[in-house]
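Engineer: Have a look at this one.
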Amino acid sequence: MARPNPNEVTKVGVIGTGVIGGAWALHYLRMGMEVVAFDPGPNSKEKLLAMVENIWPTIEKLGLREGASKQNLRFVDSLEALASQVEVIQESTPERMDAKRSLFADLDRIVPADVVIISSTSGFAMTDMAVDLEAQPERFVVGHPFNPPYLVPFCEVCGGEKTSQDVVDWTAEFYEFTEKQVAKMDKELPGFIGNRLQEALWREALHMVANNECSVEDIDKAIAYGPGLRWAIMGHCLTFHLGGGQGGMGHLLDHFEDSLEEPWTRLKAPKLTQQLKDDMVEGCLTQANGASIDELVQERDDCLIRIMQTLKEYREEKGIKR
Numbered sequence: 007m008a009r010p011n012p013n014e015v016t017k018v019g020v021i022g023t024g025v026i027g028g029a030w031a032l033h034y035l036r037m038g039m040e041v042v043a044f045d046p047g048p049n050s051k052e053k054l055l056a057m058v059e060n061i062w063p064t065i066e067k068l069g070l071r072e073g074a075s076k077q078n079l080r081f082v083d084s085l086e087a088l089a090s091q092v093e094v095i096q097e098s099t100p101e102r103m104d105a106k107r108s109l110f111a112d113l114d115r116i117v118p119a120d121v122v123i124i125s126s127t128s129g130f131a132m133t134d135m136a137v138d139l140e141a142q143p144e145r146f147v148v149g150h151p152f153n154p155p156y157l158v159p160f161c162e163v164c165g166g167e168k169t170s171q172d173v174v175d176w177t178a179e180f181y182e183f184t185e186k187q188v189a190k191m192d193k194e195l196p197g198f199i200g201n202r203l204q205e206a207l208w209r210e211a212l213h214m215v216a217n218n219e220c221s222v223e224d225i226d227k228a229i230a231y232g233p234g235l236r237w238a239i240m241g242h243c244l245t246f247h248l249g250g251g252q253g254g255m256g257h258l259l260d261h262f263e264d265s266l267e268e269p270w271t272r273l274k275a276p277k278l279t280q281q282l283k284d285d286m287v288e289g290c291l292t293q294a295n296g297a298s299i300d301e302l303v304q305e306r307d308d309c310l311i312r313i314m315q316t317l318k319e320y321r322e323e324k325g326i327k328r
């Protein structure tokens with residue numbers, strides 16, 4: 007079986023149907039694809055069917071692609087049965103290294119050579135998970151989502167030492183075809199991108215609580231009503247790019263270079279070399295895609311107003327007082 011183009015996939019295998027795997031199944035069903043699921047856990051079929059029923063109204067609100075239906079989901083009772091019916095596999099089994107290595111070795115042996123096998127792991131490197139692969143290790147790749155995958159559009163793609171670049175590119179294009187925003191990593195990194203950023207913020211929050219510096223409630227307020235609103239629009243780096251005024255990221259880095267050494271956080275700052283400065287400036291300009299600072303500020307402000315209005319309307323409607 008020849009590997010289909012990323013935008014022509016119609017049959018997806020889902021291995022592991024818990025919180026993440028079940029959410030992936032919903033996402034692919036919404037995309038109008040057939041989903042073949044396998045999970046040897048007790049009552050896994052009943053649990054997934056219940057999850058699909060409960061969440062399908064949300065899936066409909068998101069909008070269905072042509073052919074999308076709950077009826078496109080079916081279970082099989084073996085890896086062999088799944089392997090023979092699908093064009094790509096999304097693995098979402100528990101985070102146990104020994105179990106993933108064993109599973110991948112089985113998949114390497116029984117899955118047709120052109121089928122890309124993607125792991126939803128939240129922290130393991132593909133190089134470490136693929137140590138026992140002998141046949142086609144080049145088609146194993148990480149595709150780490152943010153929960154729930156049927157709703158949150160971000161996904162990180164990262165290959166291992168033996169993963170081919172073609173497979174990394176194919177996986178990124180496949181996710182983009184299913185309406186994901188994809189970060190295609192250049193190197194393996196424990197925790198990938200999003201989890202490392204979350205972990206830095208989480209670690210700092212724990213320090214504040216442990217030292218009686220503020221309350222848990224104030225920490226969450228600081229994010230939800232502060233930078234979190236802006237991050238929903240243009241991320242951390244481009245937001246700081248605006249913080250430099252008309253001089254952008256370059257001015258901000260020059261202006262705040264010394265403050266990087268201030269003990270504001272419990273994390274050690276990297277050396278702010280000229281190369282790092284240049285990379286940050288270039289990255290922001292690439293994101294801006296020709297938009298001026300004034301145009302980006304207008305975009306940010308317009309989106310912020312809409313987000314805040316939506317939050318206000320929702321909380322008033324639901325009687326939420328926070």
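Residue numbering for the sequence shown follows our numbering, beginning at 7 and increasing consecutively. All C-beta atoms, glycine included, are put in the ideal place defined by N, C-alpha and C.
1. What would DSSP say about S50, mapped onto helix, strand or coil?
2. Can you have a look at A105 and say buried or exposed, based on whether 16 or more other CB atoms are within 10 angstroms of its CB?
3. Using a Cβ-Cβ cutoff of less than 8 Å, which residues in the same chain neighbour T292 once the five nearest sequence positions on both sides are dropped?
4. How about the segment 236 to 245 and the segment 179 to 191: do they share at least three Cβ pairs that are nearer than 8 Å?
5. Note down the Cα distance separating Q304 from F246, rounded to an integer number of angstroms.
6. Rounded to the nearest angstrom, what separates N11 and V18 at their Cα positions?
7. When DSSP labels each residue in this structure, what does C243 get in the three-state scheme?
8. Tell me which same chain residues have a C-beta within less than 7 Å of the C-beta of T99, skipping the five on either side of it?
9. Apart from the five residues just before and just after D114, which ones in its own chain have a Cβ nearer than 6 Å to its Cβ?
10. In chain order, what are the residue ranges of uninterrupted beta strand (DSSP E) at least 3 long that sit wholly in the segment 178 to 227?
11. Distance, Cα to Cα, E144 vs G253?
12. What would DSSP say about K327, mapped onto helix, strand or coil?
13. Around the C-beta of W176, are 16 or more other C-beta atoms found within 10 angstroms, so that it is buried, or is it exposed?
14. DSSP three-state call for G254: helix, strand or coil?
15. Between R80, G234, S126 and E179, which lies nearest to E52 when the distance is taken from Cα to Cα?
16. For G256, which residues in the same chain have their Cβ closer than 8 Å to its Cβ, ignoring the five residues on either side in sequence?
17. Give me the Cα-Cα distance between R9 and I123, rounded to the nearest whole angstrom.
18. Would you kindly work out how many angstroms separate the C-alpha atoms of N218 and L212, rounded to a whole number?
19. Taking 8 Å as the threshold, find out whether the segment 22 to 40 comes into contact with the segment 64 to 79 through three or more Cβ pairs.
20. Is the beta carbon of A136 sitting closer than 7 Å to the one on V117?
21. Alpha carbon to alpha carbon, how far is L258 from S298?
22. Can you tell me whether P151 is buried or exposed, with buried defined as 16 or more other CB within 10 angstroms of its CB?
23. Tell me the rounded alpha-carbon separation between K193 and E182.
24. Per DSSP, what kind of secondary structure is L55 in: helix, strand or coil?
25. Buried or exposed for V41, going by 16 or more other Cβ atoms inside 10 Å?
26. Could you pull out every unbroken beta strand (DSSP E) segment of at least 3 residues lying fully inside the segment 117 to 156, listed in chain order?
27. Identify which residue in S84, R71, K67 and E59 has its Cα closest to the Cα of G47.
28. Throw me the rounded Cβ distance for the E322 and R272 pair, which I believe falls under 8 Å.
29. Using only CA atoms, which one of V94, A111 and L157 lies nearest to P63?
30. Is it buried or exposed for P196, if we count other Cβ within 10 angstroms and need 16 for buried?
31. Report the residue from I26, A275, E301 and T169 whose alpha carbon sits nearest the alpha carbon of F161.
32. Checking contacts by CB at 7 Å: is E140 closer than that to chain D?
33. By the 10 Å Cβ neighbour count, where 16 or more other Cβ atoms means buried, how is I311 classified, buried or exposed?
Structural biologist: This is what the structure gives:
1. What you label residue 50 is simply residue 44 of the sequence shown in a count that begins at 1. The answer is helix: DSSP assigns S50 an H, G or I state.
2. Looking up residue 105 in the sequence shown gives position 99. When all chains shown are included, A105 counts as exposed.
3. Your numbering for residue 292 matches position 286 in the sequence shown. Hits under 8 Å: none found.
4. no
5. For this step, residue 304 is matched to residue 298 along the sequence shown. For this step, residue 246 is matched to residue 240 along the sequence shown. Taking the straight line joining both Cα atoms gives about 15 Å.
6. Reading the sequence shown from its first residue, position 5 is the one you call residue 11. Reading the sequence shown from its first residue, position 12 is the one you call residue 18. Distance between the alpha carbons of N11 and V18 is about 13 Å.
7. Residue mapping note: residue 243 aligns to position 237 of the sequence shown, counting from 1. Reduced to three states, the DSSP call for C243 is helix.
8. As a working mapping, residue 99 is identified with position 93 in the sequence shown. These residues qualify, in order along the chain: I21, G22, A105, K106 and L109.
9. The residue you call residue 114 lines up with position 108 of the sequence shown. Within the same chain, D114 has close Cβ partners L139 and A141.
10. 187 to 190
11. Against the sequence shown, residue 144 aligns to sequence position 138. Against the sequence shown, residue 253 aligns to sequence position 247. Taking the straight line joining both Cα atoms gives about 44 Å.
12. Here residue 327 is taken as the residue at index 321 of the sequence shown, counted from 1. Coil at K327, not helix or strand.
13. Reading the sequence shown from its first residue, position 170 is the one you call residue 176. Buried, because 16 or more other Cβ atoms sit within 10 Å of the Cβ of W176.
14. Here residue 254 refers to the residue found at position 248 when the sequence shown is read from its first residue. Note: G254 maps to helix in three-state DSSP.
15. Within the sequence shown, residue 52 is the residue found at index 46, counting from 1. The candidate whose alpha carbon is nearest that of E52 is R80.
16. Counting from 1 along the sequence shown, the entry for residue 256 is found at position 250. Only G250, K283 and V287 meet the Cβ criterion.
17. Locating residue 9 in the sequence shown gives position 3, where the first residue counts as 1. Locating residue 123 in the sequence shown gives position 117, where the first residue counts as 1. Cα-Cα distance, rounded: 12 Å.
18. Numbered from its first residue, the sequence shown carries residue 218 at position 212. Numbered from its first residue, the sequence shown carries residue 212 at position 206. Between N218 and L212, the C-alpha separation is close to 10 Å.
19. yes
20. What you label residue 136 is simply residue 130 of the sequence shown in a count that begins at 1. What you label residue 117 is simply residue 111 of the sequence shown in a count that begins at 1. No, they are not a contact pair.
21. In the sequence shown, counting from the first residue as 1, residue 258 sits at position 252. In the sequence shown, counting from the first residue as 1, residue 298 sits at position 292. Whole-angstrom Cα-Cα distance: 16 Å.
22. Numbered from its first residue, the sequence shown carries residue 151 at position 145. Result: buried.
23. Along the sequence shown, read from residue 1 onward, the residue named residue 193 stands at position 187. Along the sequence shown, read from residue 1 onward, the residue named residue 182 stands at position 176. Using only the alpha carbons, I get a separation of about 20 Å.
24. Position 49 of the sequence shown, counted from the start, is the residue given in the question as residue 55. Here L55 sits in helix by DSSP.
25. On the sequence shown, residue 41 is found 35 positions in, with the first residue counted as 1. Flag for V41 reads buried.
26. 122 to 125 and 146 to 151
27. Within the sequence shown, the letter at position 41 stands for residue 47. Answer by Cα proximity: S84.
28. Residue 322 sits at position 316 when you count from the first residue of the sequence shown. Residue 272 sits at position 266 when you count from the first residue of the sequence shown. Actually they are not in contact, since the Cβ atoms of E322 and R272 sit about 38 Å apart, beyond 8 Å.
29. For this step, residue 63 is matched to residue 57 along the sequence shown. Ranking V94, A111 and L157 by Cα distance to P63 puts L157 first.
30. Residue 196 sits at position 190 when you count from the first residue of the sequence shown. Exposed.
31. Counting from 1 along the sequence shown, the entry for residue 161 is found at position 155. Residue identity differs from the one stated: residue 161 is Cys in this sequence, not Phe. Of I26, A275, E301 and T169, the residue nearest in Cα terms is I26.
32. No chain D appears in this structure, which consists of one protein chain only.
33. Position 305 of the sequence shown, counting from 1, holds the residue named residue 311. Burial call: exposed.
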